[in-house]
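Remarks on the structure that follows.
Chains as they are written, first to last, in the working numbering: chain A, 1 to 471; chain H, 1001 to 1471.
Quick look at the structure:
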């Protein structure tokens, strides 16, 4: 295990030659990383299951996702439009002669990535942050999550074996994390975790002598809104879909829908929800402290006079977390009920009318997602909900559920604080690479100095904007 | 004069309908704003000259620049690729079925803009920050700079007359600035000014309960490097060009080249520089406190044992600032010599060899620009300088001077801290609009909810990426 200085210095030493590999070279490397991880699939899934108890199906899915994402970034690199190449040839303008200007995005330098507890293979040593940063051309130092140290080490070894020296580093321990964020070699940070932990690291990054961007994904309640029409027409279907989403991974997803808004008096929906929750088994939690925090929050909810229990699954052995759904009047949704509860508990928020619903939504902080279940003809409801939800959420889902964040060109996984610390960017999907890039402009540069992407004749064969025209 | 709450509340109230005007509607408005400013050209230039003493030629140029920029953003809006529209139709993937996903950039909401002392018409109430934010669809509240209050008010009145209610607000005073950055309605900040002032406001923005992005342009030394070959071949030309750039606007430009690196023993260049400096007249400073700070720094430099005076212009009346060039050995470039001096003073930094030059450059913070003057055949010098300079600067200039920041699609005006607080973005050029936008993703959305830019058949006729293919 390297210490922070060693890993950061190695990253600095590797940066120039890693960038110089170019887009095609790095695309090939990302394919190699995917192959190396797949070659270790069985042992990685085994050790991850031992450390997290997420189960083989889920963990195999995570690894498949990670490899798919590595290859998608390979496509992003080969296509090349992500460098946002712009060329303005010298010209006369109303302000006088303008020089030759050529702009593109280049890697920011070494970045730090904090592994998450809940995705040992998809938001950890391997995963979206690491893959996008490597794609961008940035060496990465990962801070391993203490929930799955052995998984982190094995994945690191598999990846390091196919990467140039210094391009990937691994450090462990709370102190190492803070040291990393403060290290002068580190130019940006990716983080997935709790609001408290993420905020503390964000504050560190912002208070450096040279502040650096901190791309943190913290807490999100992911409200799901059921209209009167949908509650009447599709109560059973929505109850099953909602409870499935809320209890996926035993509620330990950043996109768990923690708030279900439904009209007061939706008895059919409420009883279908109770039925669905009671059918789910208690499941393992990622670690003891997450389990304890979850149990404490459920106990608090049971004792909260504003809440009534709709249904709870059988508790099972003490080390499991059991799903529990509570109901609350929309007017009472405030205070700690507006904070994420990590685990399979959620709130059925009952609203009297659209105004009360919109008012409650207006009290929420930023969200990764917001979902709407409505029926044809509810134009006013859909229109006003859309207007409100787009202000607070990064992804708007219609007739669906927020868990299952597709890796795609069009995905956006982000949102206003506290969903993320930087609402302008995403941690999933092709555009995640933009976090690790910065623009640079060449003025009247000799051709030999220019990167291939900015040379006359477009030898890199990438989409570019030349004299204002995209082509 | 509105207070902060009034202006911010009006901005919130205006946001939805301003966005709903659409790209074409806002492009038309930007043209209207340009016309309104041009109609007031004479009176704006008069009052700005009274308040800043920048002179009619320069101030007319500023207004022309601002109007050009407003119209460029009109082009950006009409072309539409800046919304970065991406559509992934529903498909089967190795991870299972993927829903229909459609992503684009939308306005972040009301933004605050801090006017600069040195550009009353181009980085103030009118200017790049305001123009780009309005283009993005964000209402703007400007904090006027105290150096030119009447210019700010007149420009504000001219612009407000053609803008919808609440889309542009103006506040004054130090307290109002801090209040604005802390105001919950404000979603992002644009700032141009000193490192100390900008850092204080950045810290405020970062310490909000919901931190917001702060796009500040602070201090930059803009190193200009002369190689041995260029010093031998083009001493007179470089001396004239350099001193012209260093004393433009009496040295009160963010891109003033404050450091000229030249080989030890470049006597021809040194005497040509002395000659050029002594021919420049002392000129007016923007205000009394800037004048006092400049004079104090020149006095400090005169008493600094590491420095020798190369040349100083005649001091002239007490309210003027006189150019002064000092020489220092590259090895001594440290401490306060690495901080921007606002005004027409600069340092000739004499280096013994390329290694000493690179070592000195490595001690600099982030820079808006870096310029290289070399001659054909100096491949090693150019290559190694390029490698070092691209790490620290946002714009690399070859054979030229950094003042005169062209408004163009390919311009990048930004750089690592302290040049800016956010190296991923620019405050000049077409891509400046990206600061005021955030991505949003629609999943399985009804067609009626989708913005025009994301609808099937591309009714907005903009460049989009559909199923991975840019078209």
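For each residue, glycine too, the CB sits at the ideal point set by N, CA and C.
Query	Result
When DSSP builds the beta bridges, which residues end up paired with residue 1367 (chain H)?	H:1393
For residue 1242 (chain H), count neighbouring C-beta atoms within 10 Å of its own C-beta (all shown protein chains included) and say buried if the count is 16 or more, exposed if not.	buried
Distance check for residue 165 (chain A) and residue 5 (chain A), CA to CA, integer angstroms please.	15 Å
What does the alpha-carbon distance come out to for the pair residue 1001 (chain H) and residue 1019 (chain H)?	Per-residue confidence for residue 1001 (chain H) stands at a pLDDT of 48, beneath the threshold of 50, marking its modelled position as unreliable; no derived number is given.
What three-state label does DSSP hand residue 350 (chain A) in the structure shown?	strand
Considering Cα atoms alone, identify which of A:173, A:50, A:318, A:32 is closest to residue 126 (chain A).	A:32
With a CB to CB cut of under 7 Å and the five nearest residues on each side skipped, what residues in its chain are close to residue 1058 (chain H)?	1249
Comparing the C-beta of residue 111 (chain A) with each C-beta of chain H, is any distance below 7 Å?	no
Does the stretch 1340–1350 of chain H come close enough to the stretch 1387–1402 of chain H that 3 or more CB-CB pairs lie under 8 Å?	no
Would you please verify whether the beta carbon of residue 1463 (chain H) is less than 7 Å from any beta carbon of chain A?	yes
Using 7 Å as the limit for Cβ to Cβ distance, is residue 420 (chain A) near chain H?	no
Using alpha carbons as the reference points, say which of A:158, A:366, A:319, A:437 lies closest to residue 254 (chain A).	A:366
Quick check on residue 1 (chain A): does DSSP put it in helix, strand or coil?	Any reading at residue 1 (chain A) must be qualified, since the residue scores a pLDDT of 48, below 50, and its modelled position is unreliable; no value is offered.
So, helix, strand or coil for residue 1294 (chain H), using DSSP?	helix
Let me know the alpha helix (DSSP H) ranges lying completely inside the stretch 1022–1095 of chain H, each 4 residues or longer, listed in chain order.	1022–1039, 1041–1052, 1056–1079
Just to confirm, are residue 1316 (chain H) and residue 1282 (chain H) a CB contact at a threshold of 7 Å?	yes
Could you tell me how far apart the beta carbons of residue 128 (chain A) and residue 122 (chain A) are, in whole angstroms, since I believe they sit closer than 8 Å?	7 Å
Can you give me the C-alpha to C-alpha distance between residue 1162 (chain H) and residue 428 (chain A), rounded to a whole angstrom?	41 Å
For residue 245 (chain A), count the other beta carbons within 10 Å of its own beta carbon; 16 or more makes it buried, fewer makes it exposed. Which is it?	buried
When Cβ atoms are compared, which residues of the stretch 1116–1150 of chain H fall closer than 9 Å to chain A?	none
Strictly under 7 Å for the Cβ-Cβ distance: is residue 94 (chain A) near chain H by that measure?	yes
In the structure shown, what three-state DSSP assignment does residue 104 (chain A) receive?	strand
Which residues, taken in chain order from the stretch 1396–1409 of chain H, show a beta carbon closer than 9 Å to some beta carbon of chain B?	Judged by its chain identifiers, the structure shown contains no chain B, and its protein chains are A and H.
Classify residue 1011 (chain H) as helix, strand or coil using the three-state DSSP reduction.	helix
How many angstroms separate the CA atom of residue 1109 (chain H) from the CA atom of residue 1271 (chain H)?	54 Å
Would DSSP call residue 1265 (chain H) helix, strand or coil?	coil
Out of curiosity, what's the CA-to-CA distance linking residue 442 (chain A) and residue 1292 (chain H)?	36 Å
May I have the straight-line CA-CA distance separating residue 1350 (chain H) from residue 1260 (chain H), to the nearest angstrom?	8 Å
Can you look up residue 1443 (chain H) in the DSSP assignment and give me helix, strand or coil?	strand
Give the range of the alpha helix (DSSP H) segment to which residue 462 (chain A) is assigned.	Residue 462 (chain A) -> no alpha helix (DSSP H), and no H or E assigned at all.
In chain H, which residues lie with their C-beta within 9 Å of the C-beta of residue 210 (chain A)?	1365, 1366, 1416, 1417, 1418
Who are the neighbours of residue 1081 (chain H) on chain A, taking C-beta pairs under 9 Å?	465, 470
Would you say the stretch 62–78 of chain A touches the stretch 1377–1394 of chain H, given that touching needs at least three Cβ pairs under 8 Å?	no
Are any of the Cβ atoms in chain A nearer than 7 Å to that of residue 1018 (chain H)?	no
Using a beta-carbon distance below 7 Å, is residue 1200 (chain H) in contact with chain A?	no
With burial defined as no fewer than 16 other Cβ atoms inside 10 Å of the residue's Cβ, what is the status of residue 17 (chain A): buried or exposed?	exposed
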